[in-house]
Amino acid sequence: RWLFDHAVCTVYAFCGVLFGLCSLASLAVLSTVCCLKVCYPAYGRCWAQLPGLRLGPSLFTYGPEPYGTACCITWKAASREAVLYILALFVFCYLLPCLLILVSYALILWTVQGSRRAVRQH
């Protein structure tokens, strides 16, 4: 059971979401930078920072997890705005970074294999 009040639950869940998103976003940025440096060396020097993500507390609520030992986003949200927020969070903060990571490393692999073939031919 959650030992603290609702305010601590909200802060705890917000930090969990924020740190998780930052971790995945930084992995996506690192894979993109590696891809640019390996596959497109001319463009590898100039890449822009990702814009900050503003999370509006009115769009979602936090609450205890099913076992009650920690807090997170209320996944069983009833309002339309909360459902749209959860879908947007899944698509833009999980699927797109994962696809970006996969595409970046696939391009790196493809470039390295092409370079390897070129070295073998000479």
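Our numbering puts the sequence shown at residues 952 to 1073.
For glycine and all other residues, C-beta sits at the position ideal for the given N, C-alpha and C.
Quick caveat: nothing in here was measured; it's all calculated off a predicted structure.
**Report entry** Per-residue DSSP class, three states only, for G1065
**Finding:** For the purposes of this step, residue 1065 is identified with residue 114 of the sequence shown, where counting begins at 1. DSSP places G1065 in helix when its eight states are reduced to three.
Query raised in the report: What's the C-alpha gap between I1037 and A1057?
Result: Along the sequence shown, read from residue 1 onward, the residue named residue 1037 stands at position 86. Along the sequence shown, read from residue 1 onward, the residue named residue 1057 stands at position 106. The straight-line gap separating the alpha-carbon atoms of I1037 and A1057 is approximately 29 angstroms.
**Report entry** Beta-carbon proximity check, Y1013 vs F970, cutoff 8 angstroms
**Finding:** In the sequence shown, counting from the first residue as 1, residue 1013 sits at position 62. In the sequence shown, counting from the first residue as 1, residue 970 sits at position 19. Cβ atoms of Y1013 and F970: not closer than 8 angstroms.
**Report entry** Within 8 angstroms, strictly: CB atoms of C1022 and Y963
**Finding:** Reading the sequence shown from its first residue, position 71 is the one you call residue 1022. Reading the sequence shown from its first residue, position 12 is the one you call residue 963. It is a contact, given that the beta carbons lie within the stated cut-off.
Query raised in the report: Hey, quick one: how far does the alpha helix (DSSP H) through Y963 stretch, first residue to last?
Result: Numbered from 1 along the sequence shown, position 12 holds the residue referred to as residue 963. Segment 957 to 990, the alpha helix (DSSP H) holding Y963.
Query raised in the report: In three-state terms, what does DSSP make of Y1013?
Result: On the sequence shown, residue 1013 is found 62 positions in, with the first residue counted as 1. In the structure shown, Y1013 sits in a strand (DSSP, three-state: E or B).
Requested in this report: Just the C-alpha distance for P1008 and Q1064, rounded to the nearest angstrom, thanks.
Outcome: In the sequence shown, residue 1008 corresponds to position 57, counting from 1. In the sequence shown, residue 1064 corresponds to position 113, counting from 1. At P1008, the pLDDT of 47 sits below 50, so the modelled position is not reliable; the number obtained from the coordinates is stated separately. If I take the Cα positions, the gap works out to 47 angstroms.
Query raised in the report: Any idea which residues DSSP pairs C1022 with across the strands?
Result: Working through the sequence shown from its first residue, we reach residue 1022 at position 71. C1022 is bridged to P1015.
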